[in-house]
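Novice: Residue numbers (the working numbering), protein chains in the order written: chain A, 1 to 397; chain B, 398 to 794; chain C, 795 to 1154; chain D, 1155 to 1514. Every residue, glycine too, gets a C-beta built ideally from N, C-alpha and C. Quantities reported herein were computed from a predicted structural model and do not represent experimental measurements.
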Ligand code: SRM
Ligand code: SRM
Ligand code: SRM
Ligand code: SRM
Ligand code: SF4
Ligand code: SF4
Ligand code: SF4
Ligand code: SF4
Ligand code: SF4
Ligand code: SF4
Ligand code: SF4
Ligand code: SF4
């Protein structure tokens, strides 16, 4: 199908070496089953490029029956000029943990989306969902019926659990200290209700990283960040260390000197690690994957609270449990999560993330109420001011 | 004179190697012209040691005519038992810059204090004053008349300029980058009125350190901290460097490796400094005073705002002027101070230190209103959130 | 649509990942021993069992048409037994279980114009968000910025090496749906003027208390007379959070909306702990379709990093080592009032030390 | 006192320091070339002119009787031409301009029992405050704590060396008139229970608005009925600031007042920038006259520092290098809820990283 709108500005972005999103939209405009979506998206987007302003209206409440989450309503503020995107809702489809697909499964989704939507997607959204980008209200139920009957469910949105996600972990990484994919899957299944039906003060995100490299950016972007780690000594294969050395790696300069805890020595023949001082930063392992492996007692550090800067500034997650075995059936983990949600439910204000709540009420109060013991790993440094609280039992009468 | 009170607890503190304050009080109790002060101080202090509580009442307003500052009123809460300290006011006498004395001058002060006070002192108070510790209301005027007629004046207290103080500086230190004693003296003289007659929102302290070693702790304890520094290259005497090396200093380990900016190299013969990267931390100069000297263009960095933790936590002073020549008549400096006070006067709340005010209003607002240009030396790092302000002239209409 | 719909299921969750793992992955799950980088877009992981998997990574615009997904499937069917994966940064990964399959795969990808790369000490794909393509909140476009920047920097994706990985991100507003707050170099759409209040709409569309509460600087207060709210203009720093809560307070302003650049963040724990990004450039104009001012500033920062950083130093580690005052010097970026923090933790960022480097 | 008083002068300021400088100082003012440490309490400064000044430093309890000052003067008259100075940490310095004068001076000081030392990598005098000797606000005594601690540590003043200077301080309440907030090891008197409100006195003695405003945690609100104030007890963290503003709110509580220990602060810019002290022990009992629990904790910290620190590392630099989790391990001090910050910058102190050392 020929293009409906002139898009001189967007056309510029078809040029250049990097893959072009404009080409993608044009492709949908030219070939999709319902080309009007992409056609008018091009038109409206060109207008935004010209006027330097978005032409989407603040979302309305749309969704599928029985769910409060998973669809982002979206309407054009110039529907007369671009009727194809008068409605342009997004369906968030919960991706499989680890982002692996069979082509068959992918094609099924494409088929459904060609039929009921714009034929445009994001692979993937920032939280991890498959984003089916743009359809109208009346198509939502049908799309969902087809998706769910083929084994797909919706992802999160609104004040709900958001689609948990993870790094590739044990599927293809030698450093995974626990099974990130299984933890993601089980967490998603355990909290289906909380994911589909918003009932929290605000959103709650889980991200699972297999080790402190954190290839899923969990520490920056998840209310609960589960980061693999180990106890005990880094496993060293001295022969392989020497192999790295002889194949050109400057072990002193590129490994030992960059160890943040200064706990390594290398005499040209043997690499020694004082594991008591190692903080498991992963640098040395990343330099010599063939020679070094995480210790054998494996589990995860649980961190809480990260989020974007609104309202009081960005947070990264901080340690609340230094070490937890992360193994099925994950009961210890789920119970902790539920205790945290109870605390949040009881004290959280509307639109207050868990990290912001703890900051407002005090980390010590949180620990006491949720039943976690204070541990020096929870802080970078102790408080500097002398303004702390005592409870009745600390006071002599 | 025999001691009036039994002091078994305090007596314990006459034992031990370190000089004993109890001995001092006893000495005054036994030998002072007005021994009642020290006698009853011992009694009341022993009571405090027994009961683990202070027996001083919240101060009342006492002072000398025409001054609002310089005397700290103090009354016992058990005056019947210890009438000698029913009143026990402190007179703060402005010490000479650098804490140098002739014995003659000291003896004069002792004479006056023996006559009109307890014969007890603190040499010196934390701000720097000579603290004449304990007298009664009716002695204040006489003590002051004698002191001032001998050339001594009172120090600060209350919501006023506090007694400025400084490190020994050029008097006996090779690193002084400006004349800390003269700056202290001139500042004290310039602001006599502000020192003696509280009229600020709260206290305002000046401390002058000759270099970034900061032997007067100015960065932690002065609203305005003036810290000597230099531009240009550290002056190196390579022969002396080699002398240090040959007399046992491990230059690589004790100097070069500890340079925070990694801007030094030592090849066993020549020490090189990349002065562009040096941040003037003083470590290398302190290790080799005979070989290294500050650069030749000297002046000071002006920092603002430090204070103790009440109300929102302790502050250290931060850079507001990276470099200022600190030379008589100090007009640039005094004008800056006055602009800052205007800002404080206009916006400060009661009991709000200048640092707290700037924190509340915003450092950028302060800079704009006081007329200082933004400079990267003012921050350790730029802001992380995107929540900043623009003014009318930045906006396109 | 009167068609008959299949039976709808709810709360079934996503398919188990197990169904989607290529056999070599399934068989060696949790058994990987090590990996080696073989090229800008090629690596091999070796299992304890001796099995190997070769991964070829290609760039994606993230916004994909189903047609393009079908193309990808075709390649995966032909070379990878019908399996494919995406990375956490939206690249596409093709995996094969035998060395002989690598070259044909790579050749086909090259022939079809895919950009192979993103592995190792390079620039990988740009995490980004909806922008003008889908979001009401966007102060800039996201996909367009990514395209403009990556057209300039693509060599660092598919060939040239850097001191370390450089993670780029774009968020089209300060909600920061991209990983902007912890990225090496990132762009974020920002406003420069306060929202306008459409008083007649406030009553119907907005809840007054939550609108008032939404403002980080307490600039908003109720306006009972108008049954609306009012804004203390001098307290507003244009974050747009009120607009997220109350649609009757539009903040978009074509003349003054623009792009800020933040730098020096990271999330990995290697060597230094994770770091927040810090402001490098408070505002550059929205100049679509190619945002030349933004591209230029990003290049300056990257070039200075390349010139100054040591091997394995991330952007933030490099800046921490040389000092921010030096960062402004070597990039030639101007230091402005806006760089100086006056928000929640302002105090912690002021220079409470007498040490700094001379730069002028 | 019916005596005749001399004519009173005002606003004359302190005497000019010039009058008090020993000749060798005056002549070489600003001309010093270098110095050498010659012993724990002896150093020499050498001028560009070739002149030299030897300085002997002795400890002082700070609280001095005029009789003792006269003793000091006597020595200064005999050996130092009638000049003497105090240091910024309240030690006394005797200076001579000729090497031959050093020994007689030092001998006399020793004979008279003065403690010579405090120069170099040692513990110098303890900056401290009034305590029960003069202040209404004191939660502990200052002079007594100093004496108890220094009797234990005096060897580090007059003989033994340390990795670097260790600056001790005492403040008798959280107003922190001592340099506690930036000291290597410091003690501060703290309360553990809220103030009691003497309602009938509030009206006369206190201004309600400033009393309300004084509270860092907003625990105080007006109580119009009583023309007084009330305290939300669970919000009070016993800082005593309200008592500073309103004497009708006494907070001293003999059973629960005590001493906190903070560590790791410094003010010098050498190597690392100045650092704030951090909480090591939230509370130890007031146990005069010798505060054994406090002395013991201080010794533990100092011993761990001596055992673990590298040459020139200040306490805070040592702890930063090994990590706070390790600090608690090597000192054996207990980590408690009170250590975890919940005040202004709490967030900045939480461990936003997956890296830490195992200690259990
Ligand atoms: C689609 C997506 C961006 C993308 O292009 O990938 C997205 C899109 C929106 N986000 Fe987001 N966020 C998306 C991931 C994120 C992330 C990243 C993450 O999850 O890893 C963040 C930062 C981390 C965090 O949660 O803080 C993020 C932080 C926000 C915020 C700020 C929340 C805060 O507490 O600071 C908002 C504002 C809000 O909730 O009102 C927001 C709000 C929005 C809304 C719903 C706009 C709004 O105000 O109603 C956007 C809808 C856009 C649209 O029209 O489609 N979005 N949002 C991402 C979700 C896709 C998915 O499900 O996979
Ligand atoms: C005498 C002295 C302690 C000493 O033993 O040396 C002292 C004693 C008092 N200080 Fe101080 N301060 C003394 C130096 C300091 C210092 C250190 C300094 O100046 O270098 C500080 C920390 C730095 C600072 O200014 O923040 C200090 C921070 C305070 C504070 C907290 C102020 C704040 O804004 O945080 C208060 C509380 C107040 O002002 O109400 C305070 C209040 C007091 C009062 C007036 C008590 C009160 O609440 O009214 C004390 C009178 C005690 C008495 O009975 O003599 N004093 N005070 C010091 C002054 C002697 C002198 O003039 O030389
Ligand atoms: C495939 C992927 C995981 C996934 O589940 O999809 C992945 C895979 C690997 N990462 Fe990663 N990382 C992936 C996202 C990340 C992220 C997350 C992000 O960027 O949002 C990070 C954190 C970035 C940050 O700190 O801001 C990340 C920081 C690292 C690092 C740390 C680099 C550093 O020095 O800070 C390493 C180690 C290294 O490269 O030395 C690493 C190493 C690796 C290894 C070598 C792990 C392994 O043994 O297999 C993998 C291939 C490296 C490569 O691509 O160069 N990976 N890696 C992600 C690929 C994204 C992409 O398309 O480029
Ligand atoms: C006399 C005095 C200045 C004065 O005006 O009275 C002084 C004098 C000297 N100081 Fe100081 N400092 C004096 C208080 C300070 C203070 C302030 C304080 O303690 O409150 C500090 C900051 C302490 C801090 O950082 O917390 C201080 C930190 C230093 C340092 C830095 C040590 C470090 O590595 O951090 C040096 C350099 C060195 O020792 O290597 C130094 C070096 C020096 C030198 C060598 C300077 C010189 O060339 O003359 C002087 C003799 C050193 C010595 O005593 O070991 N001086 N010095 C003060 C003696 C106090 C005392 O009785 O002990
Ligand atoms: S986070 Fe660790 S386990 Fe997961 S993919 Fe990255 S390196 Fe592997
Ligand atoms: S993991 Fe990090 S801290 Fe541990 S030995 Fe390796 S480089 Fe050092
Ligand atoms: S601050 Fe500097 S100039 Fe002053 S005494 Fe200390 S070392 Fe000397
Ligand atoms: S003063 Fe400090 S930063 Fe400068 S060269 Fe010497 S040690 Fe390095
Ligand atoms: S960053 Fe802002 S504009 Fe972009 S998708 Fe997220 S909410 Fe929308
Ligand atoms: S844009 Fe942000 S700062 Fe301005 S009024 Fe709205 S919420 Fe407040
Ligand atoms: S620290 Fe507190 S108790 Fe001690 S002198 Fe200062 S105000 Fe008084
Ligand atoms: S003691 Fe401090 S926290 Fe408690 S009520 Fe008084 S001012 Fe508030």
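According to the neighbour-count rule (16 or more other Cβ atoms, all chains shown, within 10 Å of its Cβ), is residue 186(A) buried or exposed?
Specialist: It is buried - the Cβ of residue 186(A) has at least 16 other Cβ atoms within 10 Å.
Novice: Relative to the alpha-carbon of residue 660(B), which residue among 647(B), 646(B), 676(B) has its alpha-carbon at the smallest distance?
Specialist: Of the listed residues, the one whose Cα sits closest to residue 660(B) is 676(B).
Novice: Find the residues of chain D that neighbour residue 281(A), judging by a C-beta separation of less than 8 angstroms, and give them in chain order.
Specialist: Under the 8 angstroms cutoff, chain D gives 1509.
Novice: Let me confirm a value: residue 1216(D) is counted as buried when at least 16 other C-beta atoms fall within 10 Å, else exposed. Which label applies?
Specialist: Burial call: buried.
Novice: Does any residue of chain A have a CB that is nearer than 8 angstroms to the CB of residue 894(C)?
Specialist: So, not an interface residue.
Novice: Does the Cβ of residue 1291(D) lie closer than 7 angstroms to at least one heavy atom of ligand 11?
Specialist: At least one heavy atom of ligand 11 is nearer than 7 angstroms to the Cβ of residue 1291(D), so yes.
Novice: Compare the Cα-Cα distances from residue 1100(C) to each of 960(C), 993(C), 1034(C) and report the closest residue.
Specialist: The residue with the shortest Cα to Cα distance from residue 1100(C) is 960(C).
Novice: Do you know offhand how far residue 795(C)'s Cα is from residue 928(C)'s?
Specialist: Interpretation of residue 795(C) is limited by its pLDDT of 47, a score under 50 that renders its predicted location unreliable; the figure taken from the coordinates is listed afterwards. Each residue's Cα considered, the two are about 25 angstroms apart.
Novice: In this structure, does DSSP put residue 1105(C) in helix, strand or coil?
Specialist: Of the three classes helix, strand and coil, the one that applies to residue 1105(C) here is coil, per DSSP.
Novice: Counting only Cβ pairs nearer than 7 angstroms, list the residues of chain D close to residue 801(C).
Specialist: Those within 7 angstroms of residue 801(C) in chain D number zero; the least Cβ separation is about 44 angstroms.
Novice: Below 7 angstroms between beta carbons is the criterion; list the residues of the segment 1177-1200 of chain D that meet it against any residue of chain B, in chain order.
Specialist: Listed in sequence order: 1179, 1183, 1184, 1186, 1187, 1188, 1189, 1199.
Novice: Could you tell me whether the segment 779-792 of chain B touches the segment 42-50 of chain A, using the rule of 3 or more Cβ pairs below 8 angstroms?
Specialist: No, because fewer than three Cβ pairs between the segment 779-792 of chain B and the segment 42-50 of chain A fall closer than 8 angstroms, the two stretches do not touch.
Novice: Rounded to whole angstroms, what's the CA-CA distance from residue 925(C) to residue 934(C)? Just pull it up for me.
Specialist: Rounded to whole angstroms, residue 925(C) to residue 934(C) spans 6 angstroms at the Cα level.
Novice: For residue 49(A), return the contacting residues in chain C, with the cut-off set at a CB-CB distance below 9 angstroms.
Specialist: Near residue 49(A) (Cβ distances below 9 angstroms), the residues of chain C are 926, 935, 938, 1082, 1083.
Novice: Would you check if the distance between the CB atom of residue 1083(C) and the CB atom of residue 9(A) is smaller than 8 angstroms?
Specialist: Yes.
Novice: So, with DSSP's three-state summary, where would you put residue 131(A)?
Specialist: It is a strand residue.
Novice: Ligand 2 and residue 559(B): does any heavy atom of the ligand fall closer than 7 angstroms to the residue's C-beta?
Specialist: Under cutoff, so the answer is yes.
Novice: Mind listing which residues of the segment 1390-1416 of chain D have their C-beta closer than 7 angstroms to chain B's C-betas, in chain order?
Specialist: If the cut-off is 7 angstroms between Cβ atoms, the segment 1390-1416 of chain D has 1393, 1395, 1401, 1406, 1408, 1411 near chain B.
Novice: In three-state terms, what does DSSP make of residue 646(B)?
Specialist: Of the three classes helix, strand and coil, the one that applies to residue 646(B) here is coil, per DSSP.
Novice: Check whether the segment 360-372 of chain A touches the segment 323-330 of chain A, taking contact to mean three or more Cβ pairs, one atom from each stretch, closer than 8 angstroms.
Specialist: No, they do not touch.
Novice: By a C-beta neighbour count over all protein chains shown, 10 Å radius and 16 as the cutoff for buried, is residue 684(B) buried or exposed?
Specialist: That one is buried.
Novice: Mapping the DSSP letters down to three states, classify residue 1199(D) as helix, strand or coil.
Specialist: Residue state, collapsed to three classes: strand.
Novice: Contact criterion: CB-CB distance below 8 angstroms. Does residue 395(A) meet it with respect to chain D?
Specialist: True, the Cβ-Cβ gap to chain D drops below 8 angstroms.
Novice: Should residue 1219(C) be listed as close to ligand 12, given that the test is whether its C-beta is under 7 angstroms from any heavy atom?
Specialist: What is shown of chain C runs 795 to 1154, which leaves residue 1219(C) out entirely.
Novice: Any Cβ of chain B within less than 8 angstroms of the Cβ of residue 1333(D)?
Specialist: True, the Cβ-Cβ gap to chain B drops below 8 angstroms.
Novice: Checking 8 angstroms against the spacing of the C-beta atoms, do residue 658(B) and residue 674(B) come in under that value?
Specialist: Yes; because the gap between Cβ atoms is below 8 angstroms, this pair is in contact.
Novice: Drop a sphere of 10 angstroms on the beta-carbon of residue 978(C), count the other beta-carbons inside from all chains shown, and report buried for 16 or more, exposed for fewer.
Specialist: Buried: at least 16 other Cβ atoms inside 10 Å.
Novice: Rounded to the nearest angstrom, what separates residue 593(B) and residue 554(B) at their Cα positions?
Specialist: Their backbone Cα atoms lie some 8 angstroms apart in a straight line.
Novice: Among all the DSSP beta bridges, which residues are the ones paired with residue 624(B)?
Specialist: According to DSSP, which records beta bridges pairwise, residue 624(B) is partnered with 606(B), 698(B).
Novice: Less than 8 angstroms separating the beta-carbons of residue 910(C) and residue 850(C)?
Specialist: Cβ atoms of residue 910(C) and residue 850(C): closer than 8 angstroms.
Novice: Flag this pair as yes or no: are the beta carbons of residue 1306(D) and residue 1449(D) separated by less than 8 angstroms?
Specialist: Result yes, Cβ atoms of residue 1306(D) and residue 1449(D) sit closer than 8 angstroms.
Novice: Looking at chain B, is there any beta carbon in it that lies within less than 8 angstroms of the beta carbon of residue 314(A)?
Specialist: Output row for residue 314(A): interface = yes.
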